[in-house]
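Novice: In our numbering, the protein residues as written are 140 to 460.
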Ligand SMILES: [Zn+2]
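#1: For residue 240, does the three-state DSSP call read helix, strand or coil?
#2: Could you tell me the alpha carbon to alpha carbon distance between residue 140 and residue 146, rounded to whole angstroms?
#3: Please list the segments of the alpha helix (DSSP H) lying wholly inside the region 259 to 301, counting only runs of 4 or more residues, in order along the chain.
#4: Could you tell me the distance, in whole angstroms, from the CA atom of residue 190 to the CA atom of residue 411?
#5: Out of curiosity, what's the CA-to-CA distance linking residue 195 and residue 157?
#6: How many Å lie between residue 278 and residue 323 at the Cα?
#7: Going by DSSP, what residue range makes up the beta strand (DSSP E) through residue 171?
#8: Could you say which of 345, 206, 319 lies nearest to residue 128 if we only look at CA atoms?
#9: Name, in chain order, the residues that DSSP records as bridge partners for residue 252.
#10: From the DSSP output, in three-state form, read off residue 380 for me.
#11: Could you name the residues of the same chain whose beta carbon sits closer than 8 Å to that of residue 296, not counting the 5 residues immediately before and after it, in chain order?
#12: To which residues of the same chain is residue 341 closer than 7 Å at the C-beta, ignoring the five residues directly before and after it?
#13: Can you tell me whether residue 325 sits near ligand 1, meaning its C-beta is under 7 Å from at least one heavy atom of the ligand?
#14: Answer yes or no: the CB of residue 254 versus the heavy atoms of ligand 1, is any distance below 7 Å?
#15: DSSP on residue 453, reduced to helix/strand/coil?
#16: Sorted by chain position, which residues of the same chain lie with C-beta nearer than 6 Å to residue 359's C-beta, five sequence neighbours on each side aside?
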């Protein structure tokens, strides 16, 4: 008997028939940055056709993305005012309500919920006088932000701060305000990674001192990462996520097995920029590189992928339906 892997590779029809991973464009989520501080759209080094927009330009970009079958978005909202506490959420509310009023249910709109774009120090939390994390004030600011975003019409909440207990607190706050049907897509296993550089530039959230290793996960540790996602599931998250996605492939299926919840992967800015910059230097073809990277995350068990290339769905042959 001859054991030949070649037999099922004869042509594209047979290869497609035997493809184990495929997905819909709605399983790709496109990040959108909207800042109160930009008048003209601002490019983000390394991220190709991604920009930081004002509200009007963001509407135009989303309109264009819709024509390309991209209709699942994750908003990052950047106000100009930075504070230590009692954050002003007017700009964020305005941005969400304008986007939702314009596109209604033609799009699904998630919002990242964190404090780092609002704090004077750029960290994802509130500090007490001794520069320790004030968990109580951090959680109350995060849950207030989530409810304010819900008031503005957001479809889904995506907390990314990694504070202990945030998912529980946000879920309770949403429920108390009759937003019990708004899902939480938690950044449940988020590492203190070196691959967030282009994002921090765009989101204006580089810490002014120290780093995020005292609240994000240590990339040397698998058990902590599993525990973090398990806890988010117990606290009421509807969807879980690993970040950075390509550097967390080993966690996706184990988290799904432990929790029974769907797990997504965030192809973070540094990962995306690596592929994009290689393509700009003719070292690979961007679309083909992205295509492969997304299928690898799918192969590892990812249900959905947040990627700066989601708007390429149509170009790459994914279908909405
Ligand atoms: Zn943050």
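We put the CB at the ideal spot given by N, CA and C, even for glycine.
Predicted, not measured: the structure shown is a model, and the values here were computed from it.
Specialist: Quick look at the numbers:
#1: Position 101 of the chain shown holds residue 240. If DSSP states are grouped into helix, strand and coil, residue 240 belongs with the helices.
#2: Here residue 140 refers to the residue found at position 1 of the chain shown. Here residue 146 refers to the residue found at position 7 of the chain shown. If you take the alpha carbons of residue 140 and residue 146, they lie about 13 Å apart.
#3: 274 to 291
#4: Taking the chain shown and counting its residues from 1, one reaches residue 190 at position 51. Taking the chain shown and counting its residues from 1, one reaches residue 411 at position 272. Approximately 14 Å between the Cα atoms of the pair.
#5: Walking along the chain shown from the start, residue 195 turns up at place 56. Walking along the chain shown from the start, residue 157 turns up at place 18. Distance between the alpha carbons of residue 195 and residue 157: 45 Å.
#6: Your numbering for residue 278 matches position 139 in the chain shown. Your numbering for residue 323 matches position 184 in the chain shown. Roughly 15 Å between the two C-alpha positions.
#7: Working through the chain shown from its first residue, we reach residue 171 at position 32. 167 to 174 is the span of the beta strand (DSSP E), which, as asked, contains residue 171.
#8: Lying outside 140 to 460, the shown extent of the chain, residue 128 is not represented and no answer is given.
#9: By 1-based counting over the chain shown, the position of residue 252 is 113. Answer by DSSP bridge pairing, in chain order: 298.
#10: Taking the chain shown and counting its residues from 1, the one referred to as residue 380 is at position 241. Strand, per DSSP.
#11: Looking up residue 296 in the chain shown gives position 157. Around residue 296: 249, 250, 252, 285, 288, 289, 309, 313, 321, 322, 323, 324.
#12: To locate residue 341, count along the chain shown from 1; it is residue 202. Taken in chain order, the residues that qualify are 172, 183, 191.
#13: Here residue 325 refers to the residue found at position 186 when the chain shown is read from its first residue. Result no, Cβ not under 7 Å from ligand 1.
#14: Position 115 of the chain shown holds residue 254. Under cutoff, so the answer is yes.
#15: Against the chain shown, residue 453 aligns to sequence position 314. Correct three-state label for residue 453: coil.
#16: Position 220 of the chain shown, counting from 1, holds the residue named residue 359. None.
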